[in-house]
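Reviewing the structure listed below.
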Amino acid sequence: MRVQPDAPERGPVAVAAGPRPAVALAVAAVTIDGVVEDAWQDVPLAPPLLPLSTGRRPPRWRARVAVVDGGLVVTMPTLPPKWTSTWTLDPDGTRTTWTVVNVDARHARGLSCTLVDVARGDVPEGGAHVIPSRAAPCGPVPVTAAQGDEAWEIALPSLAPTRAARLSWTVQGPEDRGGTWSRGGKPEPWPELGRGVVAGGPSVRASASHDAVTDRWTVTVVPGDDFPPTACTWARSWLGQPTDGGDVPLVGGTAAAVAFAGDGLPDAWWTLTCPPAADSLLPRTWPVRLDVRPDRLWLVTPVVDDGQATLRFDVAADRTVPLVVTDARGRPLQVADVALPAGTGRVDVTLVPGAAALVVDGLLSAQVVVVRPDGAATGR
1 MRVQPDAPER GPVAVAAGPR PAVALAVAAV TIDGVVEDAW QDVPLAPPLL PLSTGRRPPR
61 WRARVAVVDG GLVVTMPTLP PKWTSTWTLD PDGTRTTWTV VNVDARHARG LSCTLVDVAR
121 GDVPEGGAHV IPSRAAPCGP VPVTAAQGDE AWEIALPSLA PTRAARLSWT VQGPEDRGGT
181 WSRGGKPEPW PELGRGVVAG GPSVRASASH DAVTDRWTVT VVPGDDFPPT ACTWARSWLG
241 QPTDGGDVPL VGGTAAAVAF AGDGLPDAWW TLTCPPAADS LLPRTWPVRL DVRPDRLWLV
301 TPVVDDGQAT LRFDVAADRT VPLVVTDARG RPLQVADVAL PAGTGRVDVT LVPGAAALVV
361 DGLLSAQVVV VRPDGAATGR
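And the structure:
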């Protein structure tokens, strides 16, 4: 039996990416009545549309996004016949609940989407990572909108937008024409395709590390040098529901660390929240994803014709696992403790005659068909 870790990967080759500036927000006193009043002129233009994945040249239309009491409002050009527009708003950047507004030449319709309905007990075993956002259930929500001769004004429905919000805008017309803010030119209303916003105020950097042995997390927060002493709070959530939290006093240029038990929650989020900056109505939040990659072991050679079975592994930390080879009746033929180093690699197992299955510490239970040189099979 031989364990062979993979060689370290070379660093990725830098590839020039298209411009994806954040969406600048400004506080404005506007009324949703279809008339673009002077207050909109103090709101900076949002970034231009980029080409769709079809490669067509995008329209030169521009939008503006403003902050008002209660949320975000946008103004955008009216649409020609057969054109549609889609706005997607992830209010806190955690991709668990988001809203979509679909606009055509005459109507604006809203949808609210969420990965699961926790209140209804609709929580999948293993967590939210088994539900892609493209399969999330959505339901209609009312939209406050007005169309004038030259522009739409729309209030984007949202629970509570923050400076960690992610926003996407897409327009599509006949013959695959259109443009989008989404990564890769995908014209889809998925929250992970949105881009960040700039809501004013000094920023912080937050990163998380996980100890797989003790299942404990440590989140390190580093505020910028211009960050004034501020009483902030942190909260952990799973499937959009809070699980625990506490206080984080911050001082500019001084790192702060928060440690807590993982509790076995997959795809949880840790969010730092500070009071709004003086020039913004939005709470300042910084979400950090607490994503624990499960250890994996899989069989590369389900049919063995030379007595040599090959396994691949991908583990977060060094661990030793018992490997058992059995015959067709489940009787052990080989037993060994296999030390797997953190990372990826392969394990080569030389099977004794009569081997039929491999079992590895709950990570792998696979039927192995052993083919003898004369073509007959055993261990089925």
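Numbered according to my numbering, the sequence shown terminates at residue 380, and the numbering increases by one at each position without gaps.
Glycine residues also receive a C-beta, built at the ideal position from the N, C-alpha and C atoms.
Quick caveat: nothing in here was measured; it's all calculated off a predicted structure.
Rounded to the nearest angstrom, the Cβ distance from PRO223 to GLY252 is 5 Å, consistent with a contact under 8 Å.
When C-alpha distances from PRO302 are compared across ASP361, VAL349, THR320, ASP244, the shortest belongs to VAL349. Take ARG312, set aside five residues on each side of it, and the residues of its chain with a beta-carbon closer than 6 Å to its own are TRP298, VAL300, ARG346, in chain order. VAL103 places its beta carbon 9 Å or farther from that of ILE32. For GLN308, the CB contacts under 8 Å within the same chain, skipping 5 residues up- and downstream, are THR301, ASP348, VAL349, THR350, LEU351 in chain order. Assignment of beta strand (DSSP E) within the segment 159–223, counting only whole runs of 3 or more residues, yields 166–172, 178–180, 195–198, 204–211, 216–223 in chain order. Just so you know, the alpha carbons of ALA259 and SER85 end up roughly 44 Å apart. Just measuring C-alpha positions, the residue of VAL141, MET76, ARG166, ARG109 sitting nearest GLY93 is ARG166. Under DSSP, the beta-bridge partners assigned to MET76 are TRP152.
In the displayed model, TRP61 falls within coil according to three-state DSSP, outside both helix and strand.
Taking C-beta atoms as the reference points, SER158 and ARG195 fail to come closer than 9 Å. Non-local beta-carbon contacts of LYS82 in its own chain, meaning distances under 7 Å to residues more than five positions away in sequence, involve GLY173, PRO174 in chain order.
In the same chain as GLY71, and ignoring 5 residues on each side of it, the C-beta atoms closer than 7 Å to its own belong to ALA155, LEU156, SER158, PRO161, in chain order. Contact between the segment 173–193 and the segment 203–215 is absent: fewer than 3 CB-CB pairs across the two stretches fall below 8 Å. Between ALA356 and THR326 a beta carbon distance of about 6 Å is seen, short of the 8 Å cut, so the two are scored as contacting. Straight-line spacing of the CA atoms in ASP361 and VAL321 works out to 6 Å. Shown here, ARG134 sits in a helix according to DSSP, grouped into three states. The residue from ALA26, VAL3, PRO266 with its alpha-carbon nearest to that of SER280 is ALA26. The three-state secondary structure of TRP40, taken from DSSP, is helix.
In its chain, beyond the 5 residues on either side, ILE32, ALA155 have a beta carbon closer than 6 Å to the beta carbon of THR144.
Beta-bridge pairing by DSSP links PHE260 to TRP217. Distance from the CA of GLY201 to the CA of ARG284, rounded to the nearest whole angstrom, comes to 8 Å. Under the DSSP assignment, TRP83 falls outside any beta strand (DSSP E); it carries neither an H nor an E label. Across the set GLN241, VAL67, LEU282, the C-alpha of GLN241 shows the shortest separation from the C-alpha of THR114.
Taking a cut-off of 8 Å for Cβ pairs, the segment 47–60 and the segment 131–140 do not touch, as fewer than three such pairs fall below it. Membership of ASP244 in the beta strand (DSSP E) is indicated by the continuous run 241–250.
DSSP lists THR271 as the beta-bridge partner residues of PRO287.
Each of TRP181, ASP215, VAL370 was checked against the Cα of ARG20, and the nearest Cα belongs to TRP181. Taking a contact as a CB-CB distance under 8 Å, the pair ALA316 and ASP295 counts as one, their CB atoms being some 6 Å apart.
In the three-state reduction of the DSSP assignment, ALA336 falls in the strand class, which pools E and B.
DSSP places GLY71 within a strand segment (E or B) once states are collapsed to three. GLU150 and LEU193 have their alpha carbons spaced roughly 28 Å apart. For ARG109, the enclosing beta strand (DSSP E) stretches over residues 108–114. Around the beta-carbon of VAL213, fewer than 16 other beta-carbon atoms lie within 10 Å, marking it exposed. A distance below 6 Å between beta-carbons, with the five flanking residues on each side excluded, links LEU363 to the following residues of its chain, in chain order: LEU297.
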